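In this note's numbering, the protein residues as written are 273 to 887. A virtual CB, placed ideally from N, CA and C, is assigned to each residue, including glycine. Computed from a predicted model, the values in this text were never measured in an experiment. Working notes, beginning with the structure itself.
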Amino acid sequence: MSWGTELWDQFDNLEKHTQWGIDILEKYIKFVKERTEIELSYAKQLRNLSKKYQPKKNSKEEEEYRYTACKAFLSTLNEMNDYAGQHEVVSENLTSQILAGLARYVQELKQERKSHFHDGRKAQQHIETCWKQLESSKRRFERDCKEADRAQQYFEKMDADINVTKADVEKARQQAQVRHQMAEDSKADYSSILQKFNHEQREYYHTHIPHIFQKIQEMEERRIVRLGESMKTYAEVDRQVIPIIGKCLDGIVKAAECIDEKTDSQLVIEAYKSGFEPPGDIEFEDYTQPMKRTVSENSLSNSRGEGKAEPKFGGKPKGKLWPFIKKNKLMSLLTSPHQPPPPPPASASPSAVPNGPQSPKQQKEPLSHRFNEFMTSKPKIHCFRSLKRGGAAPEDFSNLPPEQRRKKLQQKVDELNREIQKEMDQREAITKMKDVYLKNPQMGDPASLDHKLTEVIQNIDKLRLEAQKFEAWLAEVEGRLPARGEQRRQSGLYDAQPAPAVNNCAQARESPDGSYTEEQSQESEVKVLATDFDDEFDDEEPLPAIGTCKALYTFDGQNEGTISVVEGETLYVIEEDKGDGWTRIRRNEDEEGYVPTSYVEVYLDKNAKGAKTYI
Numbered sequence: 273m274s275w276g277t278e279l280w281d282q283f284d285n286l287e288k289h290t291q292w293g294i295d296i297l298e299k300y301i302k303f304v305k306e307r308t309e310i311e312l313s314y315a316k317q318l319r320n321l322s323k324k325y326q327p328k329k330n331s332k333e334e335e336e337y338r339y340t341a342c343k344a345f346l347s348t349l350n351e352m353n354d355y356a357g358q359h360e361v362v363s364e365n366l367t368s369q370i371l372a373g374l375a376r377y378v379q380e381l382k383q384e385r386k387s388h389f390h391d392g393r394k395a396q397q398h399i400e401t402c403w404k405q406l407e408s409s410k411r412r413f414e415r416d417c418k419e420a421d422r423a424q425q426y427f428e429k430m431d432a433d434i435n436v437t438k439a440d441v442e443k444a445r446q447q448a449q450v451r452h453q454m455a456e457d458s459k460a461d462y463s464s465i466l467q468k469f470n471h472e473q474r475e476y477y478h479t480h481i482p483h484i485f486q487k488i489q490e491m492e493e494r495r496i497v498r499l500g501e502s503m504k505t506y507a508e509v510d511r512q513v514i515p516i517i518g519k520c521l522d523g524i525v526k527a528a529e530c531i532d533e534k535t536d537s538q539l540v541i542e543a544y545k546s547g548f549e550p551p552g553d554i555e556f557e558d559y560t561q562p563m564k565r566t567v568s569e570n571s572l573s574n575s576r577g578e579g580k581a582e583p584k585f586g587g588k589p590k591g592k593l594w595p596f597i598k599k600n601k602l603m604s605l606l607t608s609p610h611q612p613p614p615p616p617p618a619s620a621s622p623s624a625v626p627n628g629p630q631s632p633k634q635q636k637e638p639l640s641h642r643f644n645e646f647m648t649s650k651p652k653i654h655c656f657r658s659l660k661r662g663g664a665a666p667e668d669f670s671n672l673p674p675e676q677r678r679k680k681l682q683q684k685v686d687e688l689n690r691e692i693q694k695e696m697d698q699r700e701a702i703t704k705m706k707d708v709y710l711k712n713p714q715m716g717d718p719a720s721l722d723h724k725l726t727e728v729i730q731n732i733d734k735l736r737l738e739a740q741k742f743e744a745w746l747a748e749v750e751g752r753l754p755a756r757g758e759q760r761r762q763s764g765l766y767d768a769q770p771a772p773a774v775n776n777c778a779q780a781r782e783s784p785d786g787s788y789t790e791e792q793s794q795e796s797e798v799k800v801l802a803t804d805f806d807d808e809f810d811d812e813e814p815l816p817a818i819g820t821c822k823a824l825y826t827f828d829g830q831n832e833g834t835i836s837v838v839e840g841e842t843l844y845v846i847e848e849d850k851g852d853g854w855t856r857i858r859r860n861e862d863e864e865g866y867v868p869t870s871y872v873e874v875y876l877d878k879n880a881k882g883a884k885t886y887i
């Protein structure tokens with residue numbers, strides 16, 4: 273099967289077919305290019321979608337992601353971000369493995385096709401030239417033969433005429449001979465050109481054209497094979513990312529399986545538990561007595577006004593939960609006085625109740641009058657109003673219920689501990705740098721670090737005092753909560769010990785906006801002992817390597833804490849530069865230390881720093 277023998281007379285059709293093949297290849301290139309654009313656009317949209325629903329830092333949404341369902345949703349967003357990355361990989365691989373190669377191949381194919389058909393046209397022009405020469409010699413031979421015949425007839429006619437002179441007859445005879453000779457020459461020329469043409473024609477149809485068409489056939493077959501290979505690569509590019517996409521989907525499933533409804537329910541309790549006890553039973557009011565129908569003095573409406581709080585549930589006054597629960601509107605108007613009930617006492621002992629302010633007795637009103645008031649007005653819950661105003665909260669969070677106050681104080685203590693740890697790390701780094709400057713004065717002036725070191729030490733002292741203050745408030749709240757009375761709270765760096773005695777003379781008063789605060793006298797001070805911080809930072813086990821580094825210059829680590837390196841040496845990085853200009857490295861298990869960051873080129877391990885964990 274050869275185009276040279278089977279399609280010897282289809283030069284124009286082959287030219288059209290090969291051009292069509294190139295057009296198909298360019299169409300496929302355009303298809304792949306549009307696919308890469310779609311993949312990039314899809315990946316971008318997925319990333320934007322994931323970013324859109326990511327929780328904002330330092331916002332309420334970030335607190336909501338404590339729940340397991342929200343953590344699973346956050347894991348889903350992260351996995352979708354990785355999923356989008358795989359679509360970007362598909363786009364990149366299609367561009368590098370298909371588009372770039374096919375674009376170059378198309379250009380080469382066009383040049384090759386142009387060369388082959390140029391040779392074919394050149395052969396056609398040559399055979400056409402030979403044919404024209406043959407036709408010309410043939411016409412000349414035919415013309416000379418006719419001229420010779422006419423000259424012979426004229427000679428015979430002159431020779432038969434007795435009136436013609438002998439000279440005229442001789443002239444006609446000579447003319448006939450000349451014409452006859454010209455016809456013989458034309459015949460010989462025509463015969464020679466004919467033989468040459470036949471030879472050229474055989475070469476054209478049996479040698480040149482088959483050879484050119486065979487090259488064109490091979491070119492076309494290579495194009496077809498290349499197109500098929502590109503289609504296989506197209507499928508393989510997608511197949512390569514399927515395992516990673518599967519891992520992303522498995523991650524979503526795993527995150528969904530980690531959802532625990534019981535844990536979320538417990539978190540709701542921890543988030544909204546107020547710490548108050550439920551109100552006591554409402555006493556029966558006897559209206560059969562011959563007396564004016566009013567609300568009983570023993571009801572909830574007068575329990576606060578009379579200041580008679582019966583010790584119940586560990587000595588806590590009855591009805592103190594009213595500022596933080598939603599009461600029925602009709603019952604609130606029928607039984608509650610216009611002033612809100614008193615806040616919780618400053619201590620868990622019943623002795624703290626008499627110290628609170630006594631509310632005046634309310635004049636009893638008929639039931640019909642209270643019912644009309646309910647129909648024409650709305651109840652006012654002062655404590656909820658104060659909580660929703662968004663005003664400046666007290667520093668000790670005394671406007672919150674006990675449980676919520678404890679949580680806020682604990683968060684504040686943990687935050688202060690983190691800040692102390694950060695300052696102490698900075699102090700340690702400055703101390704190391706100062707020590708290096710003292711032993712190597714050419715590296716810097718040690719006195720230039722004194723101001724910064726003093727400032728850091730002052731910051732640590734301020735933060736410790738602040739932490740002790742919040743530790744005291746936290747110890748007070750934990751001592752007041754019955755459910756947590758025996759629990760020990762552990763902080764990050766030091767344990768706060770609750771004071772042996774807390775002044776119980778704190779007065780629970782009602783703020784003008786309806787919230788409650790606790791005023792402590794100046795004598796009620798809680799002393800919190802802080803443990804020593806220096807022993808907390810001793811490394812119990814060697815730090816893991818987070819990357820490698822290459823020494824750019826030789827460094828003689830003669831000072832304590834430093835390590836010597838040789839130019840070109842490769843070592844492990846176990847601690848990054850924290851802003852002090854030093855990097856901690858390790859040569860082997862027993863040899864590690866600090867070197868100047870400018871002396872090494874660091875290559876961090878992305879897997880060690882950015883390992884993906886499921887929340």
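Query, Result
"For F827, write down the residues that DSSP places opposite it in a beta bridge.", "V837"
"Kindly give me the distance between the Cβ atoms of L312 and S363, rounded to whole angstroms, as I take these residues to be in contact under 8 Å.", "5 Å"
"Going straight from the alpha carbon of K324 to that of K332, what length do you get?", "15 Å"
"Quick one, are the C-beta atoms of T820 and Y844 less than 8 Å apart?", "yes"
"Among all the DSSP beta bridges, which residues are the ones paired with R498?", "R498 is not bridged to any residue."
"Write down the C-beta distance between F866 and I835 rounded to the nearest angstrom, noting that I regard them as a contact closer than 8 Å.", "With the sequence shown as reference, residue 866 is identified as Tyr, and Phe is not the correct amino acid for it. Right, the Cβ-Cβ distance comes to about 7 Å (below 8 Å), so this counts as a contact."
"Go to T855, then tell me how far its beta strand (DSSP E) extends in each direction, as first and last residue.", "W854 to N860"
"Would you mind reading off the limits of the alpha helix (DSSP H) that contains P551?", "Run containing P551: none; DSSP gives neither H nor E here."
"Is the beta carbon of Y462 sitting closer than 8 Å to the one on K418?", "no"
"Return the residue from the list H452, G293, Q453 and H359 that minimises the CA-CA distance to I516.", "H359"
"Return yes when the Cβ of H398 is within less than 8 Å of the Cβ of Y491, no when it is not.", "The question names Tyr, but residue 491 is Met in the sequence shown. Not a contact, by the Cβ cut-off of 8 Å."
"Quick check: R445 and F427, are their CB atoms within less than 8 Å of each other?", "yes"
"Out of D354, M430 and I434, which has the shortest C-alpha to C-alpha gap to V441?", "M430"
"Considering only the alpha carbon of each residue, which of E384, K680 and D686 lies closest to S546?", "K680"
"Measure the C-alpha to C-alpha separation of A356 and Q369 and round it to an integer number of angstroms.", "20 Å"
"For the candidate residues K724, V378 and M696, whose alpha-carbon lies nearest to that of R495?", "V378"
"Answer yes or no: do T340 and D532 have a C-beta to C-beta separation smaller than 8 Å?", "yes"
"Confirm, please, whether the CB-CB distance from I481 to Q405 is below 8 Å.", "no"
"Beta-carbon of D849 versus every beta-carbon of chain D: anything under 8 Å?", "In the displayed structure, chain D is absent; only one protein chain is listed."
"Using the C-alpha atoms, what's the distance from D717 back to V685?", "37 Å"
"Going by the beta-carbon positions, is the gap between L721 and K741 smaller than 8 Å?", "no"
"Which of the three DSSP states, helix, strand or coil, is assigned to V842?", "In the sequence as displayed, the identity of residue 842 is Thr instead of Val. Residue state, collapsed to three classes: strand."
"Report yes if the C-beta distance between A823 and V838 is below 8 Å; otherwise report no.", "yes"
"Kindly provide the ranges of any alpha helix (DSSP H) runs that are 4 or more residues long and lie completely inside the stretch 475-559, ordered along the chain.", "481-529 and 533-544"
"Going by C-alpha distance, which of I541, G392, R498 and S322 is nearest D284?", "G392"
"Please report how far the alpha carbon of Y544 lies from the alpha carbon of E336, in whole angstroms.", "13 Å"
"With Q676 and L746 assumed to form a contact (beta carbons below 8 Å), what rounded beta-carbon distance in angstroms separates them?", "About 13 Å; that fails the 8 Å criterion."
"Name, in chain order, the residues that DSSP records as bridge partners for E364.", "Paired residue(s): none; E364 is not in a bridge."
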